[in-house]
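Trainee:
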Amino acid sequence: MVVASHLNHGGAHVQPHYATVTSSSLLAEKATAGSRIQKLTKVAQEFEGILLSMWLEEIQKGSLDPAKASLGAGSETLRSLGTQAVGQALAQRGGVGIARMIVQRFT
Numbered sequence: 002m003v004v005a006s007h008l009n010h011g012g013a014h015v016q017p018h019y020a021t022v023t024s025s026s027l028l029a030e031k032a033t034a035g036s037r038i039q040k041l042t043k044v045a046q047e048f049e050g051i052l053l054s055m056w057l058e059e060i061q062k063g064s065l066d067p068a069k070a071s072l073g074a075g076s077e078t079l080r081s082l083g084t085q086a087v088g089q090a091l092a093q094r095g096g097v098g099i100a101r102m103i104v105q106r107f108t
């Protein structure tokens with residue numbers, strides 16, 4: 002495909018400038034756009050995973066028996082890591098749709 006453009010420098014008419022657009026350059030442009038969407042999707046899912054983890058932690062705090070909440074020094078850390086993993090897994094599988102809305106908004 003050949004694209005012509007007329008460049009005008011300081012009011013003087015300049016001969017058309019021709020640029021050749023090849024199919025490989027179009028494919029590269031599509032691949033770049035595809036990788037941007039993939040990166041955006043990944044970041045949006047991570048964001049949704051963090052939100053879901055925070056919500057799950059708040060739910061757990063409200064539902065735990067205070068006497069059983071302090072089982073040991075590492076129990077809080079282990080519970081927090083488990084909650085983060087569940088939040089990320091939920092987000093990767095669609096979550097509540099926050100990641101999808103973010104991707105739609107920015108594409």
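Quick note on numbering: this note's numbering labels position 10 of the sequence shown as 11, and the sequence is numbered without any gaps.
Ideal Cβ placement from N, Cα and C applies to all residues, glycine included.
#1: Quick one, which of R80, Q46, A45 and G35 has its alpha-carbon nearest L57's?
#2: I need the DSSP call for T108, collapsed to helix, strand or coil.
#3: Three or more beta-carbon pairs under 8 Å between the stretch 35-49 and the stretch 95-106, yes or no?
#4: What number of angstroms, rounded off, separates the C-alpha of E30 from the C-alpha of T108?
#5: Less than 8 Å separating the beta-carbons of E49 and G96?
#6: Suppose contacts are defined by Cβ-Cβ distances below 8 Å. Is S54 in contact with G88 by that definition?
#7: Rounded C-beta distance between Q46 and A92? I'm assuming under 8 Å.
#8: Here's the rule I'm using: 16 or more other beta-carbon atoms within 10 Å means buried, otherwise exposed. How should N9 be labelled?
Mentor: According to the structure shown:
#1: Your numbering for residue 57 matches position 56 in the sequence shown. That would be R80, whose Cα lies nearest to the Cα of L57.
#2: For the purposes of this step, residue 108 is taken as the residue at position 107 of the sequence shown. Note: T108 maps to coil in three-state DSSP.
#3: yes
#4: Locating residue 30 in the sequence shown gives position 29, counting from the first residue. Locating residue 108 in the sequence shown gives position 107, counting from the first residue. Whole-angstrom Cα-Cα distance: 15 Å.
#5: By one-based count along the sequence shown, residue 49 stands at place 48. By one-based count along the sequence shown, residue 96 stands at place 95. Cβ distance < 8 Å, so E49 and G96 count as in contact.
#6: As a working mapping, residue 54 is identified with position 53 in the sequence shown. As a working mapping, residue 88 is identified with position 87 in the sequence shown. In contact: S54 and G88 (Cβ atoms closer than 8 Å).
#7: On the sequence shown, position 45 is the one that residue 46 refers to. On the sequence shown, position 91 is the one that residue 92 refers to. Sure, about 5 Å apart at Cβ, within 8 Å.
#8: For this step, residue 9 is matched to residue 8 along the sequence shown. With a pLDDT of 47 at N9, under the threshold of 50, the predicted position of this residue should be treated as unreliable, and no value is reported.
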